[in-house]
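Okay, structure first, notes after.
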Amino acid sequence: MGISALDTAMEPVTQHSDSITADSPISFRLSGTSLSSVQSHQVPVHTAEDFNKDETAQATGFIGESSEVNWLHKLDKELGDTKDSRNPAACVPTQSLLDALHYPISESSYHLDDLDLPTIDESKIYDIPSKSTASYLYQTYLDWVHPSFPIIGTATFGLQFQTFFNNPALQPGNKWLAILNLIFAIGTQYYYLAGVSNTFDTESYHSYFARARILSLEDRSFHHPDLQQLQVEGLAALYLLTSGQVNRAWKICGDAVRGAMSLGLHLYSMGPSTSDTSKEIRYRVWWSLYTMEHQLCVMTGRPSIISEALCTTPLPVPFDERDFSNAEVMSLIRRDALSSIQPVIISGVSRFGMNEASASSIPSTTCSSSTSGSLYFIQIVKLASTGKRMLSKLYTAEGMQQPRPSKEFTIRGLMIEIDAWCMNLPKEFDFTSTSSSTRSPSSLAGQRISLALLFYSTKIGITRPCLDISNPPQEDGSRKYDFCRKSATECVESACHMIRLFPEPPDVSALYKTTPWWCMLHFLMQATAVIYLELSYNTRHVPDKTLMVTKAAIKSFEWLSFMSKTSTAAEKARKLCERFLHRLGIHPNIQVSKFTGADGPSSQSSLTDEQPDEGVKLSQEIFTSPSSPILRSNSSAVRSSSIGLVTSDAQGSHNPYDEDYLPYDPSTGQITGSFFPGTGGNNDLGLGYYWNDRT
Numbered sequence: 054m055g056i057s058a059l060d061t062a063m064e065p066v067t068q069h070s071d072s073i074t075a076d077s078p079i080s081f082r083l084s085g086t087s088l089s090s091v092q093s094h095q096v097p098v099h100t101a102e103d104f105n106k107d108e109t110a111q112a113t114g115f116i117g118e119s120s121e122v123n124w125l126h127k128l129d130k131e132l133g134d135t136k137d138s139r140n141p142a143a144c145v146p147t148q149s150l151l152d153a154l155h156y157p158i159s160e161s162s163y164h165l166d167d168l169d170l171p172t173i174d175e176s177k178i179y180d181i182p183s184k185s186t187a188s189y190l191y192q193t194y195l196d197w198v199h200p201s202f203p204i205i206g207t208a209t210f211g212l213q214f215q216t217f218f219n220n221p222a223l224q225p226g227n228k229w230l231a232i233l234n235l236i237f238a239i240g241t242q243y244y245y246l247a248g249v250s251n252t253f254d255t256e257s258y259h260s261y262f263a264r265a266r267i268l269s270l271e272d273r274s275f276h277h278p279d280l281q282q283l284q285v286e287g288l289a290a291l292y293l294l295t296s297g298q299v300n301r302a303w304k305i306c307g308d309a310v311r312g313a314m315s316l317g318l319h320l321y322s323m324g325p326s327t328s329d330t331s332k333e334i335r336y337r338v339w340w341s342l343y344t345m346e347h348q349l350c351v352m353t354g355r356p357s358i359i360s361e362a363l364c365t366t367p368l369p370v371p372f373d374e375r376d377f378s379n380a381e382v383m384s385l386i387r388r389d390a391l392s393s394i395q396p397v398i399i400s401g402v403s404r405f406g407m408n409e410a411s412a413s414s415i416p417s418t419t420c421s422s423s424t425s426g427s428l429y430f431i432q433i434v435k436l437a438s439t440g441k442r443m444l445s446k447l448y449t450a451e452g453m454q455q456p457r458p459s460k461e462f463t464i465r466g467l468m469i470e471i472d473a474w475c476m477n478l479p480k481e482f483d484f485t486s487t488s489s490s491t492r493s494p495s496s497l498a499g500q501r502i503s504l505a506l507l508f509y510s511t512k513i514g515i516t517r518p519c520l521d522i523s524n525p526p527q528e529d530g531s532r533k534y535d536f537c538r539k540s541a542t543e544c545v546e547s548a549c550h551m552i553r554l555f556p557e558p559p560d561v562s563a564l565y566k567t568t569p570w571w572c573m574l575h576f577l578m579q580a581t582a583v584i585y586l587e588l589s590y591n592t593r594h595v596p597d598k599t600l601m602v603t604k605a606a607i608k609s610f611e612w613l614s615f616m617s618k619t620s621t622a623a624e625k626a627r628k629l630c631e632r633f634l635h636r637l638g639i640h641p642n643i644q645v646s647k648f649t650g651a652d653g654p655s656s657q658s659s660l661t662d663e664q665p666d667e668g669v670k671l672s673q674e675i676f677t678s679p680s681s682p683i684l685r686s687n688s689s690a691v692r693s694s695s696i697g698l699v700t701s702d703a704q705g706s707h708n709p710y711d712e713d714y715l716p717y718d719p720s721t722g723q724i725t726g727s728f729f730p731g732t733g734g735n736n737d738l739g740l741g742y743y744w745n746d747r748t
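Numbering follows my numbering, with no gaps: position 498 of the sequence shown is 551.
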């Protein structure tokens, strides 16, 4: 019995159009599988690749259907290997076995898990940077990481940070030092990827991570989890994700989630021995791990270990830690006051949480700002919850074997849910409304762009299954297949919308002023994979927008070429996409050297059919003008902590972004151009908590 080619990529079984009925189950198989019909029917979802066969396969691991790597893997097989087509001798009777060798999924991956982890001499694990460098990196973390990933209590940690650097003789515990080094590693990685500073070399973030690894990540298999260790593991997963090591990030994030469950963080806390503020911080730890685990599950195509039916953790209050001293905010944190508790519905699960309407009743003058980073994070959590439902209902073995009507019903429900999320966004974050462009805190524009990217990314995941379904010609005006066609069109258009959100000309420093910046390459490759698939189908879903799709493909390659100057993962993705473009008959001839940052020439491609629309023209003016506020700024207007930090001389002052620069099309309600500004807490736990590694 022959084994198939494409060992992990699962796709709908190819059927003749006249054999498809509305009630036919959508069965799945490996591309090119020659399994018997009996076995294929018994195991419609399976894999044939041996992920233990060598170190490369082990590093990549299983990649499931929700991952853009899987989509590119499928495309690789469908286009065929050009070197084999030039070598007729390669076409032998055991072609399915040869395909398995020629198309391992690792060849379609741009991840970097095959690289070794950095090491450091153990005698240097207690080395620390200068106070100015440390303050600079910590503030970077607060500005560009914490709003989307509030896994640490910044009030307590900020106080400890100041105490430590003002008294170098102090000896904190290893876990606290590991957290500190991971913050430094992530901050350094940010500046390296953004290409906005030459202060830190590559070895810096390698050294910081290597210290944290020795301090609190190695030899932990038999240790019981505690809150600090969860924070170490969560930050380590984030650092690995920023480094392109997705498989390792998924593994360590899973460890953190299991540890969180063992501490009961997935449940509503009513224990009298834990302070209300501490409970709130723990809720944020849980939701940070929740969103991280979801993102990694999407990127790897693997199932989530979180069952929402078993979770009752409340959403965070929509106020930052710097507002916790406010009496009215504290009354909301004390969830024993039932009058302020409302059931929050997330993905159909009723959960006790702070109702945003009750939060809005607090006058903005009593808090540091009317719009908080915490409110922004809540929107991320809600969207991630819809994304988890998407994974469990569409990309599991059970979901992929649904009859076609059931699958369509599921997709309709998810589309209603994600559209409801968009319609119910607080007006400050509404990226489709003209009213959101009124004067407001400058960090909001970046947060709106971030939410737009997450929205389109989730919509791509929901509609992606329809992109592969081959629909027969309609007869007698039948609308049997209209839904799949429309959903596939939405998938392609969402991918084009995502590409349009990237600035023209490419400006990495502007791009990384949007959080979560660690997902930018994933967003770009996710959209690119959909665009390449549509081009391989001869744009059958958007036949009147072939030029738009082609230009989107070229623009994405321009961005990969530009990002590859500072990102090894982007360089790997660029080489992968270059090969696909040539096989698709597109030759962009991009030269990275032509991009000189904000002062360089404009990109030669637009996502409009002929000329750039006003939104794109406006974004070009923003990113090329020497007086553009985005080019003058390197810090956020909204600080995440009330603790004053000593900043280095290298850190510039902030100039607010102009909200009028957020381009949109009021007729369609869609963002039409690009703008990437920045985003922007008291004691949750005792000072000794972090200090001495105590729980």
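Every residue, glycine too, gets a C-beta built ideally from N, C-alpha and C. Fair warning: this is a prediction, and the values are worked out from it, not measured in the lab.
Discussion item. With three or more C-beta pairs closer than 8 angstroms as the rule, is the region 327-339 touching the region 293-305?
Written reply: no
Discussion item. Here's the rule: buried if 16 or more other CB atoms are within 10 angstroms of the residue's CB, otherwise exposed. What is E108?
Written reply: exposed
Worksheet item: Are there three or more Cβ pairs, one per stretch, closer than 8 angstroms when the region 541-555 is compared with the region 621-631?
Response: no
Worksheet item: Rounded to a whole number of angstroms, what is the C-alpha to C-alpha distance between E344 and I433?
Response: The question names Glu, but residue 344 is Thr in the sequence shown. Taking the straight line joining both Cα atoms gives about 8 angstroms.
Fill in: Beta-carbon proximity of A541 to C519, cut-off 7 angstroms
yes
Worksheet item: How many angstroms separate the CA atom of P367 from the CA atom of M601?
Response: 43 angstroms
Practice prompt. Report the three-state DSSP secondary structure of E470 (helix, strand or coil).
Written response: helix
Worksheet item: Beta-carbon separation of I204 and R264 under 7 angstroms?
Response: no
Discussion item. Just verifying my parser: in three-state terms, what is the DSSP assignment at Q348?
Written reply: helix
Worksheet item: Helix or strand or just coil, what does DSSP make of Y245?
Response: helix
Worksheet item: Per the contact definition of three or more C-beta pairs closer than 8 angstroms, is the region 121-129 in contact with the region 178-197?
Response: no
Worksheet entry | Anticipated Cβ contact below 8 angstroms, T353 with T439, distance rounded | Not quite, the Cβ-Cβ distance comes to about 19 angstroms (not below 8 angstroms), so this is no contact.
Worksheet item: What's the call for I552, buried or exposed, on a 16-neighbour Cβ count within 10 Å?
Response: buried
Practice prompt. Just mark Q224 as buried or exposed, buried being the case when its beta carbon has 16 or more other beta carbons within 10 Å.
Written response: exposed
Worksheet entry | Rounded separation between I232 and G499 - CA only | 27 angstroms
Worksheet item: Comparing alpha-carbon positions, which option in T113, R627, F218, E118 lies nearest E451?
Response: E118
Worksheet item: How would you label I584, buried or exposed, when you count the other beta carbons within 10 angstroms and need 16 or more for buried?
Response: buried
Worksheet item: Helix, strand or coil: which one does DSSP assign to Q298?
Response: coil
Fill in: Where D174 falls, given that 16 or more other Cβ within 10 Å makes a residue buried
exposed
Practice prompt. With DSSP as the reference, label G211 as helix, strand or coil.
Written response: helix
Item to complete: Could you check what DSSP says for C364 in three-state terms: helix, strand or coil?
Response: coil
Practice prompt. Tell me whether D272 sits in a helix, a strand or coil according to DSSP, three-state version.
Written response: coil
Practice prompt. Label A563 either buried or exposed according to how many other C-beta atoms from any shown protein chain fall within 10 Å of its C-beta, with 16 as the threshold for buried.
Written response: buried
Item to complete: Along the alpha helix (DSSP H) that carries W124, what are the first and last residues, could you check?
Response: 121-132
Worksheet item: Buried or exposed: I79, going by 16 or more other Cβ atoms within 10 Å of its Cβ?
Response: In this prediction, I79 has a pLDDT of 39, which is less than 50 and means its spatial position is unreliable; what the coordinates show is noted afterwards. Per the 10 Å Cβ criterion, buried.
Worksheet item: If you drop the 5 nearest sequence neighbours on each side, which residues of the same chain put their C-beta closer than 6 angstroms to that of A626?
Response: Y163, M578, L613
Worksheet item: When DSSP labels each residue in this structure, what does P356 get in the three-state scheme?
Response: coil
Practice prompt. Determine the DSSP secondary structure at P596, reduced to helix, strand or coil.
Written response: helix
Item to complete: Within its chain, find whatever has a CB closer than 8 angstroms to the CB of I267; leave out the 5 residues flanking it on each side and keep chain order.
Response: I173, E175, I178
Practice prompt. Tell whether a beta-carbon distance below 7 angstroms holds between E374 and A606.
Written response: no
Worksheet entry | Neighbourhood of G312 by C-beta, 6 angstroms cutoff - its chain only, sequence neighbours within 5 removed | P278, L283
Discussion item. For Q673, count the other beta carbons within 10 Å of its own beta carbon; 16 or more makes it buried, fewer makes it exposed. Which is it?
Written reply: Summary for Q673: the model assigns pLDDT 38, below 50, so the residue's position carries little reliability, and this model does not support an answer.
Discussion item. Looking at V98: is its Cβ nearer than 7 angstroms to the Cβ of M453?
Written reply: yes
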